[in-house]
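Have a look at the structure below, then the notes.
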Amino acid sequence: MKDLSLTQEYLLCALNEKGAIPSFSTEKRTCLIAAALLELQMENCISLQGKKAVAVRPLPEERGYLRPLYDFVAAATSCQTERILREFTFSFSDRHINDLIAAVGRSLETLGCASASEQGLLRKKEVYLPQREAVNMVIDKVRAELLEDGEVTEDAAAIAVLLDKAKMLQFYFSKFEQQELKERLAQLAHSAHGAAVQEMLDYVDGLMAMVAILTVTVGATN
Numbered sequence: 022m023k024d025l026s027l028t029q030e031y032l033l034c035a036l037n038e039k040g041a042i043p044s045f046s047t048e049k050r051t052c053l054i055a056a057a058l059l060e061l062q063m064e065n066c067i068s069l070q071g072k073k074a075v076a077v078r079p080l081p082e083e084r085g086y087l088r089p090l091y092d093f094v095a096a097a098t099s100c101q102t103e104r105i106l107r108e109f110t111f112s113f114s115d116r117h118i119n120d121l122i123a124a125v126g127r128s129l130e131t132l133g134c135a136s137a138s139e140q141g142l143l144r145k146k147e148v149y150l151p152q153r154e155a156v157n158m159v160i161d162k163v164r165a166e167l168l169e170d171g172e173v174t175e176d177a178a179a180i181a182v183l184l185d186k187a188k189m190l191q192f193y194f195s196k197f198e199q200q201e202l203k204e205r206l207a208q209l210a211h212s213a214h215g216a217a218v219q220e221m222l223d224y225v226d227g228l229m230a231m232v233a234i235l236t237v238t239v240g241a242t243n
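Structure below.
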């Protein structure tokens, strides 16, 4: 099984038994957007500048599963993060988020980490069901790096942050392990080499704050 990217690993853990992220799971959807934006930044495809995202170089072929989000950002000279969240998280049609999930899902199927399945009675929709072995691989990596004495990679720290913010740690770790993970992330964030972890924490927290405001705004207009 090949190494997976941040977005691929996160989606494996976030999809439910029906191969979906329900529309009411705002935190899970927001963290998928966060994972994709952070991965695009790590690949130097976009620059995250405050509350804006700017495309700075073409998307590599091997990251083609991020195209639904990359193209959305690249279509504007400077794309407001609030607009990304509004269109991908609160859109009535869910077209943008569904396109992103499908693209990442297809890449996981190609790697043997998920299986495609058609669901729906009147309108058939292809979904992607995570392979349990692949999910366990992601969780085992987080457990080995953050709960043991091994070196913590940026990727493992990022997945742990996203699982925490998406309120998914409880699905994969015991209460004791959850507390240990959160304490380790806090230690890393305040260490001499933890600037990247703190930056990720701050960025995801910022997205969550925007979503909280949008939830009230969208609710008031409906």
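Just so we're aligned, residue 22 is where the sequence shown starts under our numbering, counting upward by one. We put the CB at the ideal spot given by N, CA and C, even for glycine. Small disclaimer: the values here were computed from a predicted structure and weren't measured.
By the beta-carbon neighbour count (other beta carbons within 10 angstroms, threshold 16), E48 is buried. Straight-line spacing of the CA atoms in A187 and L106 works out to 15 Å. C-alpha of L206 to C-alpha of A74: approximately 26 Å in a straight line.
Under DSSP, no beta-bridge partner is assigned to K162.
About 15 Å separates the beta carbons of F109 and I67, which is beyond the 8 Å limit, so they are not a contact pair. Beta bridge pairing from DSSP links A135 with P151.
Per DSSP, the beta-bridge partners of L69 are A74. Under the three-state reduction of DSSP, K39 is assigned to coil, being neither helix nor strand. Residue environment: K162 is assigned as buried (16 or more neighbouring CB atoms within 10 Å of its CB, all protein chains considered). Within the same chain, T102, E103, L106 come within 7 Å of M231 by CB-CB distance, once the 5 residues on both sides are set aside. A residue is called buried when at least 16 other Cβ atoms come within 10 angstroms of its Cβ; F111 meets this threshold and is buried. Residues A137, E139 of the same chain have their beta carbon placed closer than 6 Å to that of E147, with the five preceding and five following residues left out of the count.
Between the alpha carbons of L90 and L59 lies a gap of roughly 12 Å.
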